[in-house]
Amino acid sequence: MVSEEPEKPVRPRKKKKEKEAPANQSKITSFFNSNSSQTVEAPPTDSSSAHNTDILELLNSPPIKDEAKITNAEADYDSDLRVKIEKGMRDLEDMRLQGIADAAQRLENATFRDRIAEEVDQKRIESLFIENLPFLQDVWDGNVESDRRRQYNEGLGARQLLTSRLITFPFTDNQVDWTIKCISKVWMKTLE
Numbered sequence: 045m046v047s048e049e050p051e052k053p054v055r056p057r058k059k060k061k062e063k064e065a066p067a068n069q070s071k072i073t074s075f076f077n078s079n080s081s082q083t084v085e086a087p088p089t090d091s092s093s094a095h096n097t098d099i100l101e102l103l104n105s106p107p108i109k110d111e112a113k114i115t116n117a118e119a120d121y122d123s124d125l126r127v128k129i130e131k132g133m134r135d136l137e138d139m140r141l142q143g144i145a146d147a148a149q150r151l152e153n154a155t156f157r158d159r160i161a162e163e164v165d166q167k168r169i170e171s172l173f174i175e176n177l178p179f180l181q182d183v184w185d186g187n188v189e190s191d192r193r194r195q196y197n198e199g200l201g202a203r204q205l206l207t208s209r210l211i212t213f214p215f216t217d218n219q220v221d222w223t224i225k226c227i228s229k230v231w232m233k234t235l236e
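With the numbering used here, the residue at position 73 of the sequence shown is 117, and numbering never jumps.
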């Protein structure tokens, strides 16, 4: 069942009053050519009008009348401006030199990484692991302080974060796998 609502009375709309255009304003139709709707005629120009300023004139910088006033304005704004600029220039130079040093370090690391990839095989990793097993056992037992062991003992959430702290650079994937296999043989015997 649909309930019928009484119809609301329709009020007639008020007629809008037409605004009178200012006397100096052209009608919009005067801008269009009656032959073609695609071309636009330029509006009538009045040389005294402020609206006829060339756009390039607006984009140009104002002329500098007195260079001394500008430098004085800088000094008035910030008396330590020159000192700050010199410090900034020194900082930029330090950053450039640091970038050069970092590039040299990366080159040295790349050479070292290539050397490790060639010289360290599975047998070498197993022998290094066996040599360091007493130290690693002391870390496992808590006799040697280690950030990783401390984080491991904090709880499950902290243990999860240890997976993102796995150190794999500068070693190859095979070298990392061989190392994890050695660790698994000693401390994850139940997985075998």
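Ideal placement from N, C-alpha and C gives every residue a C-beta, glycine not left out.
How about residue i and residue j: do their beta carbons lie closer than 9 Å?
| i | j | result |
| --- | --- | --- |
| PHE215 | VAL183 | no |
| LEU206 | ARG192 | yes |
| ILE144 | THR223 | no |
| PHE213 | ARG157 | yes |
| GLN195 | ARG209 | yes |
Residue i by DSSP, collapsed to three states: which one?
| i | result |
| --- | --- |
| THR216 | coil |
| ALA161 | helix |
| ARG203 | helix |
| GLN142 | helix |
| ILE211 | coil |
| MET133 | helix |
| ALA148 | helix |
| SER171 | helix |
| SER228 | helix |
| VAL188 | coil |
Can you grab the Cα-Cα spacing for the pair residue i / residue j, in whole Å?
| i | j | result |
| --- | --- | --- |
| ILE174 | MET133 | 53 Å |
| ASN197 | ASP146 | 36 Å |
| ALA161 | LEU177 | 23 Å |
| GLU189 | VAL127 | 48 Å |
| VAL54 | LYS60 | 18 Å |
| MET233 | ASP135 | Note that residue 233 is Lys in the sequence shown, not Met. For LYS233 and ASP135, the distance between alpha carbons rounds to 55 Å. |
| LYS229 | ARG203 | 20 Å |
| LEU151 | MET139 | 18 Å |
| GLU62 | GLN69 | 15 Å |
By alpha-carbon positions, which one of the options ends up nearest to residue i?
| i | options | result |
| --- | --- | --- |
| LYS167 | LEU141, ASP221, ARG150 | ASP221 |
| CYS13 | GLY186, LEU172, ASP185, ASN68 | Because residue 13 is not part of the residues shown, which for the chain are 45 to 236, the question remains open. |
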